[in-house]
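Here this note's numbering is used: position 140 in the sequence shown is 141, and no number is missing along the way. Encoded as structure tokens, the structure appears first; notes follow it.
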Amino acid sequence: MGRFYVTTPIYYVNDVPHLGTAYTTIVTDALRRFHQLLGDETFMLTGTDEHGLKIEREARAKGMAPKEFTDAISDRFRQAWPKLEITPDRFIRTTDADHESFVQDLWKKIEQRGDLYEGEYEGWYCVGCESLKTEKELEQPGNLCPLHKTAVERVKERSYFFRLEKWQQPLLDFYARHPSFIQPESRRNEVLSFVQSGLKDLSVSRTTFSWGISVPGNPKHVMYVWFDALSNYRSALGQGDLARFWSPNAQVVHVVGKDILRFHAVFWPAFLLSAGYTEKELPNVVYAHGFLTVDGQKMGKALRNSVDPLRLAGELGPDALRYHLLRAIAFGQDGDFDHGALLERYNADLGKNLGNLLSRVLGLCIKLTDSKHPGDDPATDTSIEGDLDRAFEHASSGAYAAWNTFAPHVALEHAMKLANAANLYVDRAAPWAEAKKDNRARLEKILSRLLRVLEALSVMLWPAIPTKADAMRAQLGLAPLTPVAPTALTTPHAAGESLWPHALPPIRQGLALAPAGPLFPTFDDKAQREILERLMPKPPAEHANLTQSSKPMTSEPSHASPSAPTASEDQTSQSPVIAYDDFARVDLRVGVVKTAERIPKKDKLLRLLVDVGEPEPRTIVAGLALSFAPDTLVGRRVVVVTNLAPREFGSAEMDGKKVKLVSHGMLLASGPSDNLQLATISESAPPGARLK
Ligand code: MSP
2 MGRFYVTTPI
12 YYVNDVPHLG
22 TAYTTIVTDA
32 LRRFHQLLGD
42 ETFMLTGTDE
52 HGLKIEREAR
62 AKGMAPKEFT
72 DAISDRFRQA
82 WPKLEITPDR
92 FIRTTDADHE
102 SFVQDLWKKI
112 EQRGDLYEGE
122 YEGWYCVGCE
132 SLKTEKELEQ
142 PGNLCPLHKT
152 AVERVKERSY
162 FFRLEKWQQP
172 LLDFYARHPS
182 FIQPESRRNE
192 VLSFVQSGLK
202 DLSVSRTTFS
212 WGISVPGNPK
222 HVMYVWFDAL
232 SNYRSALGQG
242 DLARFWSPNA
252 QVVHVVGKDI
262 LRFHAVFWPA
272 FLLSAGYTEK
282 ELPNVVYAHG
292 FLTVDGQKMG
302 KALRNSVDPL
312 RLAGELGPDA
322 LRYHLLRAIA
332 FGQDGDFDHG
342 ALLERYNADL
352 GKNLGNLLSR
362 VLGLCIKLTD
372 SKHPGDDPAT
382 DTSIEGDLDR
392 AFEHASSGAY
402 AAWNTFAPHV
412 ALEHAMKLAN
422 AANLYVDRAA
432 PWAEAKKDNR
442 ARLEKILSRL
452 LRVLEALSVM
462 LWPAIPTKAD
472 AMRAQLGLAP
482 LTPVAPTALT
492 TPHAAGESLW
502 PHALPPIRQG
512 LALAPAGPLF
522 PTFDDKAQRE
532 ILERLMPKPP
542 AEHANLTQSS
552 KPMTSEPSHA
562 SPSAPTASED
572 QTSQSPVIAY
582 DDFARVDLRV
592 GVVKTAERIP
602 KKDKLLRLLV
612 DVGEPEPRTI
622 VAGLALSFAP
632 DTLVGRRVVV
642 VTNLAPREFG
652 SAEMDGKKVK
662 LVSHGMLLAS
672 GPSDNLQLAT
682 ISESAPPGAR
692 LK
């Protein structure tokens, strides 16, 4: 029996769960489930990263205290994951008291080691990355962060420094002795050349804001958010019983996106070594996966938020989403999430291949074996059983190796090939013909072999599609594999016993089957089109096309006035021609939504604070409430008409006070009021920039 400890990054609470963060978390959950099947003791960790300048600013923009703000968003993450069948053993928050005291201890250990000193730091800081950037890294013009495409800030302040340079050689030695520490290989090479090119001491505290863990003995300083955040992987386990998951005989795996590999593969082991951890006590693997695009487009914040994993799971079931993400994207590489491909794969792999195999076999058993597992005499096997057995062995060993080498996409491909081979076997063995000939022994063999393959598939697929795999097992008359909460740490079977089907499961003669409806009902063309219409974000060309609609709005919901055109009229009707000067009088500006909130008793309206480049953000009242959850708007770049006369929308009780609802601008959008698409603009456009 082994021990397996697997972590996701802890997510910043300036964003809600989206497809990218869901992807990392689903892969991590699937890896942990694979190890549960092996009989390993497992521990899965996820959580939220709540300190730092980015979060402090975000909270301030919403007019909230940082803790109140982080409580709310952290909860969104905590509640989202179980809906995707993700069951972490701990959901850590960097504001948890045990985490904070662990981090302060770690700091003290590093200080005692002589690896911290006070100095002054000056440089370009990207608040999005929470990291300093070198001049070379910046994109010109505009000193933009290459990742966030937003302008970096010049900072100069007193700071503690960590002697990272001192750890350059020990890190290189460690990488050489542990070639599997950084995976995949291509990423490892990137980190090696970064470290070989020379490490500079790292600024690890800030004095210009206060939302962080204070430095022991010098509370003017708060710790650098990455020092605080990385420590979560160790603080989550504490010093008690759970510390067994951080020991030389546990496998510790950090799953991260490629954007944050350097922090995990360079800073984190250096902090640990400095604090006195030995090489054997460092994590075993940091696996950096690629980035997702959606339908071929980069997932900026606006698009990310419109592809809500919970909506996808609500529409198709969490298993279908998990399966698609794990199967469609080669883990480690960038990949595209395509809505059409999701439905195609669902139909083909889950519906027509796996689901159909189960229905066919159970359908035959209802007719021919009184819904019981039949017996079999392997001595009478023919060559077609031989072919199926070989397909099974190849799939089982291939999928096992693939899960062990962080290749879920390959593991699932193997499982589907086996389902395909089993469907082919049904066609070749033609059990219905044997039934006609009344060849009972042969008929039973065929069905028994198929039931055993189905059982093996239910195990091989469980890490990816736990609920459906268990539903499949129920139809086969077998107990579920999912451990019953709260004993999530262990599998339901005897600890140490591996359930992986290295050989075909036993013949279960006499066991009652429990056939039920289709496991994955397929969608015909019409149903697919309807689902896509409900799910797909509109292409960005439509978002940004300001000339297309004659009725860009939306200070007010379009159907507020009885004469307002419908969405389809909107697309066809033409406005009268105007002179250029008329157009030039409209002041269109880039805005960034800072806060968005519902208005009591006005179910169509939202009150927004929008930064349009002025000293104070503007209050805009907009008819967006039927199309957007307020949180999903925060941070979005919008197009604002800034020189419209202020407009009043009555009054409302807000924050215990009666306030007048006055809008000082209008956002551009298109579509019906319950499916509005906001006109958007590239993330590099600064607030206040004029559109012309
Ligand atoms: N808080 C830090 C991590 C600290 S870990 C000690 C952070 N948080 S984050 O909220 O920005 O989340 C980053 C992670 O989310 C990425 O590393 C990646 O795992 C995941 N993803 C975010 N967008 C993604 C895609 N478009 N595609 C795939 N994964 C993405 O950085």
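Here a beta-carbon is modelled for each residue, glycine too, at the ideal position from N, C-alpha and C.
Secondary structure of residue i, DSSP reduced to three states
{"i": "V156", "result": "strand"}
{"i": "V205", "result": "coil"}
{"i": "T8", "result": "strand"}
{"i": "L520", "result": "coil"}
{"i": "R509", "result": "coil"}
{"i": "P89", "result": "coil"}
{"i": "T491", "result": "Its pLDDT being 44, under 50, T491 is placed unreliably in this model, and the value from its coordinates should be taken loosely. Three-state result, T491: coil."}
{"i": "D656", "result": "coil"}
{"i": "L326", "result": "helix"}
{"i": "H52", "result": "coil"}
{"i": "Q141", "result": "coil"}
{"i": "L607", "result": "strand"}
{"i": "K150", "result": "coil"}
{"i": "Q252", "result": "strand"}
{"i": "D390", "result": "helix"}
{"i": "M2", "result": "coil"}
{"i": "I183", "result": "strand"}
{"i": "P541", "result": "Per-residue confidence for P541 stands at a pLDDT of 46, beneath the threshold of 50, marking its modelled position as unreliable; the derived number appears in the next sentence. Helix."}
{"i": "F292", "result": "coil"}
{"i": "P18", "result": "coil"}
{"i": "C130", "result": "coil"}
{"i": "A480", "result": "coil"}
{"i": "N357", "result": "helix"}
{"i": "N285", "result": "coil"}
beta-carbon residue i near the ligand MSP non-hydrogen atom, thresh 7 Å
{"i": "P10", "result": "yes"}
{"i": "L148", "result": "no"}
{"i": "F268", "result": "no"}
{"i": "C230", "result": "What sits at residue 230 in the sequence shown is Ala, not Cys. Because some heavy atom of the ligand MSP lies under 7 Å away, the Cβ of A230 counts as near it: yes."}
{"i": "V257", "result": "yes"}
{"i": "G518", "result": "no"}
{"i": "L85", "result": "no"}
{"i": "F175", "result": "no"}
{"i": "D16", "result": "yes"}
{"i": "Y6", "result": "no"}
{"i": "I261", "result": "yes"}
{"i": "Y13", "result": "yes"}
{"i": "D471", "result": "no"}
{"i": "Y225", "result": "no"}
{"i": "F163", "result": "no"}
{"i": "M300", "result": "yes"}
{"i": "F70", "result": "no"}
{"i": "T25", "result": "yes"}
{"i": "D1", "result": "Summary: the structure shown does not reach residue 1, with the chain confined to residues 2 through 693, and so no result is reported for it."}
{"i": "G636", "result": "no"}
{"i": "L293", "result": "yes"}
{"i": "D50", "result": "yes"}
Expected contact under 8 Å - CB spacing of residue i and residue j to nearest Å
{"i": "G689", "j": "R590", "result": "6 Å"}
{"i": "K695", "j": "P249", "result": "In the structure as shown, the chain begins at 2 and stops at 693. Residue 695 is therefore absent and cannot be evaluated."}
{"i": "Y6", "j": "V253", "result": "5 Å"}
{"i": "E316", "j": "I466", "result": "Not a contact, Cβ separation roughly 16 Å."}
{"i": "E158", "j": "Y126", "result": "Contact flag wrong, Cβ pair sits at about 10 Å."}
{"i": "G511", "j": "K373", "result": "6 Å"}
{"i": "T71", "j": "I56", "result": "6 Å"}
{"i": "F163", "j": "L193", "result": "Going by Cβ atoms, the distance from F163 to L193 rounds to 21 Å, so no, they are not a contact pair."}
{"i": "G636", "j": "V593", "result": "7 Å"}
{"i": "L293", "j": "L20", "result": "6 Å"}
{"i": "L389", "j": "Y426", "result": "5 Å"}
{"i": "R346", "j": "A331", "result": "About 14 Å; that fails the 8 Å criterion."}
{"i": "L606", "j": "I621", "result": "Going by Cβ atoms, the distance from L606 to I621 rounds to 10 Å, so no, they are not a contact pair."}
With a threshold of 8 Å, are at least 3 pairs of Cβ atoms found where one atom belongs to the segment 379 to 387 and the other to the segment 341 to 357?
no
Any contact of the segment 162 to 175 with the segment 113 to 126, i.e. 3+ C-beta pairs under 8 Å?
yes
Inspect the CB distances between the segment 90 to 104 and the segment 611 to 631 and report whether three or more fall short of 8 Å.
no
At least 3 beta-carbon pairs within less than 8 Å: the segment 501 to 509 vs the segment 446 to 458
yes
Is the segment 631 to 649 in contact with the segment 668 to 679, if contact means three or more CB pairs nearer than 8 Å?
Result yes; three or more Cβ-Cβ pairs closer than 8 Å.
Are three or more beta carbon pairs between the segment 362 to 369 and the segment 513 to 521 nearer than 8 Å?
yes
Touch check for the segment 273 to 289 and the segment 434 to 446: three-plus C-beta pairs under 8 Å?
Not touching, per the Cβ criterion.
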